[in-house]
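Below: one structure, written as structure tokens.
Residue numbers (the numbering used here): 72 to 796.
Here's what the structure looks like:
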């Protein structure tokens, strides 16, 4: 099933601003840029002569800092956004805290004044543990966010701390706030998507804590003799100079100092902890790291809450579906089926109206629905929007303007279609739900004029209230899935009723059909048995060839062919068990597959595999393709990641939209260390990825490699499986 969310996303040309390469830093600190091979200082930024040393350019970095540098391998192993802390460095008149990370071929050392009192590590850890315990005690998001705002304010000391959540349309809203009593409140205010451009959101995921101690600063340009210094990627730098647009934005808000801590959930930016102060306010590295950990605790608690809520919702909908199915079983025809269960079908999705259209004429309605001629128009529009998919929206009048006059009964819809004897269309409707949105400034008004208006921030944040019409209460993912299951169940029930209405003379034919089906199963089992025997014969032949071959290159080719024959046999055997079905729990299948691979291969790896697998239901054909892909990924890890020796491997499976995301992580030498694959195995893997309509991507874990298979639209419900082909 492919499901399309037909809502609009706001965009801005600010998305194109290269904020990760500003060519300058904030002047409260210093930066040294050294060549990663020679260790020689090639450039820098800030008042290095006045605060550190006269002859810094060309110096040996370790000598200039009076301390040894960590190995390059340790730098590469460090996660993006988290520096390697070098410790205190003595300047001319002050002590700096030095931290370092790598950017391409450069080593970037940031020197921040260490003039704050250093809080002992055990005190910080105790506070973090206390806050995490408090978070775990909250049961509702509002209460959790309110507690988090207070804890972050206690930790950082800012005048105002807001918990800012991103919404599906890209806008954001302040769901909690802790502030000085005399400050204006932004609680429950909405902010346009353009306030935080796309590339800024990407940096928020990579660099989790950003601080501007004084928004009135003048940038300190990067200088030195080496070419390309102004183009260095400063994404991970705490001192990175901020976009002038953002500085003006803060000035318009009358904010002197700010900090933002990213709230990242499942690898996506869920929201921000936004901190403001009316005066300049530096934040030491230790506090920033503590804030990052506190945000992680908050994110984990949000995930736990959402998982619990989703489970409860799915359980309730499953119970409703079972009740409907019991009622369907006692019906005699489609009309009586819908008249008996229509209201229950509508309430299962908490809808205000239900329409079921069978063929061209048979129309059933329950609750509030538009006129018949509008029903035909709505079905045509939904079918054209996505002929093979479920369509859902909570703002139908925006997408189909002619329904503006019917927004009181049809502002939100879920559409599903089942093709049986005649197409059967299902439409769940929701009425308009008036929304009063309080914006922080008018989102429809621009303060900018002239050719550079796209890069000019708005100047007003005065409360501006808007009444939003033509939108319903949003549909949840569980409700969308329930609509698909219910429509399928009703279609199957209708088919069953038609079968029951056939002449009794067909009884013998039905029995014959059952016999044929049993024979088909027997044939399939026999075919599977013969396939296994054939693979075993080929494997035995290859082993004989391997023993008799003195040609090492030929032996390697034969050995690789033998491994692939064994892998195909293992994938096939694991899937085609006596209790196999057309649908497969991919999580269970993959874990058992890897365990079998270890038992039949190198058993020394068994204890090094860990699994974090969420149940995902896929077709058997999709499972075969994913099994072959995973076999290649695991083989690559065993061959390349640790030089052939065992090492930690983590396999993660998560739902992603209407598909899934499979990730294989290792902590080995990474992609740059050696070429992983590239031959026949890579060709197999690419073919399988294309066949299941997925994408494959790699990311350097530093250390190790993370490979992700993303089947985000429809892989769970592909009708055209590998088995069919």
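A virtual CB, placed ideally from N, CA and C, is assigned to each residue, including glycine.
Nothing here was measured: the structure is a model prediction, and the numbers come from that model.
* Under the three-state reduction of DSSP, which class applies to residue 797: helix, strand or coil? -> Residue numbering for the chain in the displayed model covers 72 to 796; residue 797 lies beyond these limits and cannot be assessed.
* What is the rounded straight-line gap between the Cα of residue 487 and the Cα of residue 365? -> The residue given as residue 487 occupies position 416 in the chain shown. The residue given as residue 365 occupies position 294 in the chain shown. If I take the Cα positions, the gap works out to 43 Å.
* **For residue 711 and residue 134, the rounded distance between their alpha carbons** => Translated into the one-based positions of the chain shown, residue 134 becomes position 63. Translated into the one-based positions of the chain shown, residue 711 becomes position 640. Spanning the two alpha carbons is a distance of roughly 37 Å.
* Asked: Under the DSSP definition of a beta bridge, which residues are partnered with residue 486?
  -> Here residue 486 refers to the residue found at position 415 when the chain shown is read from its first residue. The partner list for residue 486 (beta bridge, DSSP) reads 462 and 498.
* Excluding five sequence neighbours on each side, which residues of the same chain lie with their C-beta closer than 6 Å to the C-beta of residue 282? -> Sequence index remark: in the chain shown, residue 282 carries index 211 (1-based). 330 and 354.
* Do residue 223 and residue 346 have their C-beta atoms within less than 9 Å of each other? -> In the chain shown, counting from the first residue as 1, residue 223 sits at position 152. In the chain shown, counting from the first residue as 1, residue 346 sits at position 275. Here residue 223 is near residue 346, since their CB atoms are less than 9 Å apart.
* Contact set for residue 742: own chain, Cβ-Cβ below 8 Å, skip 5 residues either direction -> Stepping through the chain shown from its first residue, residue 742 is reached at position 671. Close CB contacts of residue 742 within its chain, under the 8 Å cut and outside five residues either way in sequence, are with 769, 771 and 776 (chain order).
* **Reduced DSSP secondary structure (H/G/I, E/B, other) of residue 194** => Along the chain shown, one-based indexing puts residue 194 at 123. Here residue 194 sits in helix by DSSP.
* Buried versus exposed, by CB contacts within 10 Å (16 or more), residue 432 -> In the chain shown, counting from the first residue as 1, residue 432 sits at position 361. Exposed: under 16 other Cβ atoms inside 10 Å.
* Asked: In whole angstroms, what is the alpha-carbon distance linking residue 302 and residue 219?
  -> As a working mapping, residue 302 is identified with position 231 in the chain shown. As a working mapping, residue 219 is identified with position 148 in the chain shown. Residue 302 and residue 219 have their C-alpha atoms spaced approximately 38 Å apart.
* Looking only at its own chain, which residues have a Cβ that is under 6 Å from the Cβ of residue 660, when we skip the five neighbours before and after it? -> Here residue 660 corresponds to residue number 589 of the chain shown, with the count starting at 1. Within the same chain, residue 660 has close Cβ partners 694.
* Identify the continuous alpha helix (DSSP H) that holds residue 138 and give its terminal residues. => Looking up residue 138 in the chain shown gives position 67. Counting along the chain, residue 138 falls outside any alpha helix (DSSP H), and DSSP gives it neither H nor E.
* Asked: According to DSSP, is residue 431 helix, strand or coil?
  -> Within the chain shown, numbered from 1, the residue matching residue 431 stands at position 360. In the structure shown, residue 431 sits in coil (DSSP, three-state: anything other than H, G, I, E or B).
* **Boundaries of the alpha helix (DSSP H) in which residue 694 is found, first to last residue** => Working through the chain shown from its first residue, we reach residue 694 at position 623. Looking at the DSSP string, the run of the alpha helix (DSSP H) that includes residue 694 is 691-707.
* Take residue 438 as the anchor and find which of 113, 419 and 237 has the nearest alpha-carbon. => For this step, residue 438 is matched to residue 367 along the chain shown. Looking at 113, 419 and 237, the one whose alpha-carbon comes closest to that of residue 438 is 419.
* To do: Evaluate residue 528 with the Cβ neighbour count: other Cβ atoms within 10 Å of its Cβ, from every protein chain shown; 16 or more gives buried, anything less gives exposed.
  => Translated into the one-based positions of the chain shown, residue 528 becomes position 457. Its pLDDT being 49, under 50, residue 528 is placed unreliably in this model, and the coordinates cannot settle the point.
* Please state whether DSSP places residue 341 in a helix, a strand or coil. => Within the chain shown, numbered from 1, the residue matching residue 341 stands at position 270. Residue state, collapsed to three classes: strand.
* Asked: Using the rule of at least 16 other Cβ atoms within 10 Å of the residue's Cβ for burial, across every protein chain shown, is residue 451 buried or exposed?
  -> Mapped onto the chain shown, residue 451 falls at position 380. By the 10 Å Cβ count, residue 451 comes out exposed.
* **Contact set for residue 471: own chain, Cβ-Cβ below 6 Å, skip 5 residues either direction** => Sequence index remark: in the chain shown, residue 471 carries index 400 (1-based). 452.
* So which of 142, 117 and 560 has the shortest CA-CA distance to residue 394? -> Counted from its first residue, the chain shown places residue 394 at position 323. The residue with the shortest Cα to Cα distance from residue 394 is 560.
* Asked: Near residue 778, which residues of its chain fall below 6 Å by C-beta distance, leaving aside the five closest residues on each side in sequence?
  -> For the purposes of this step, residue 778 is identified with residue 707 of the chain shown, where counting begins at 1. Excluding sequence neighbours, residue 778 sits near 704, 735 and 769.
* **Whole-angstrom distance between residue 306 and residue 274, CA atom to CA atom** => Working through the chain shown from its first residue, we reach residue 274 at position 203. Working through the chain shown from its first residue, we reach residue 306 at position 235. Cα to Cα, residue 274 sits roughly 7 Å from residue 306.
* Roughly how many whole angstroms lie between the Cα atoms of residue 363 and residue 341? -> Position 292 of the chain shown holds residue 363. Position 270 of the chain shown holds residue 341. Roughly 14 Å between the two C-alpha positions.
* To do: Please report the Cβ distance between residue 333 and residue 343, rounded to the nearest whole angstrom; I am assuming they are in contact, meaning their Cβ atoms lie under 8 Å.
  => Within the chain shown, the letter at position 262 stands for residue 333. Within the chain shown, the letter at position 272 stands for residue 343. 6 Å between Cβ atoms; contact.
* Just the C-alpha distance for residue 720 and residue 737, rounded to the nearest angstrom, thanks. => Within the chain shown, numbered from 1, the residue matching residue 720 stands at position 649. Within the chain shown, numbered from 1, the residue matching residue 737 stands at position 666. Going from the Cα of residue 720 to the Cα of residue 737 covers about 5 Å.
* Under three-state DSSP, which class holds residue 247? -> For this step, residue 247 is matched to residue 176 along the chain shown. Residue 247: strand per DSSP, three-state reduction.
* Asked: Expressed to the nearest angstrom, what Euclidean distance is found between the alpha-carbon atoms of residue 265 and residue 338?
  -> What you label residue 265 is simply residue 194 of the chain shown in a count that begins at 1. What you label residue 338 is simply residue 267 of the chain shown in a count that begins at 1. Spanning the two alpha carbons is a distance of roughly 22 Å.
* Can you tell me where the beta strand (DSSP E) with residue 235 in it begins and where it stops? -> Here the question's residue 235 lines up with position 164 in the chain shown. Per DSSP, residue 235 belongs to the beta strand (DSSP E) from 231-237.
* Please name the residue in 713, 668 and 716 whose C-alpha comes closest to that of residue 698. => For the purposes of this step, residue 698 is identified with residue 627 of the chain shown, where counting begins at 1. Residue 698 has its Cα closest to that of 668, out of 713, 668 and 716.
* **Beta-carbon spacing of residue 657, residue 689 below 9 Å** => The residue labelled residue 657 in the question sits at position 586 within the chain shown. The residue labelled residue 689 in the question sits at position 618 within the chain shown. The answer is yes: Cβ separation under 9 Å.
* Opening and closing residue of the alpha helix (DSSP H) in which residue 272 lies -> If you number the chain shown from 1, residue 272 lands on position 201. Its alpha helix (DSSP H) spans residues 269-277.
* Hey, how far is the Cα of residue 686 from the Cα of residue 556? -> The residue given as residue 686 occupies position 615 in the chain shown. The residue given as residue 556 occupies position 485 in the chain shown. C-alpha separation (whole angstroms): 17 Å.
* Return the bridge partner residues of residue 169 from the DSSP annotation. => Within the chain shown, numbered from 1, the residue matching residue 169 stands at position 98. 158 and 182.
* Asked: Given residue 410, which residues of its chain have a CB within under 8 Å of its CB, disregarding the five upstream and five downstream residues?
  -> For the purposes of this step, residue 410 is taken as the residue at position 339 of the chain shown. The residues are 435.
* Exposure label - residue 421; buried when at least 16 CB within 10 Å -> Here residue 421 refers to the residue found at position 350 when the chain shown is read from its first residue. Classification of residue 421: exposed, given that the 10 Å Cβ count is below 16.
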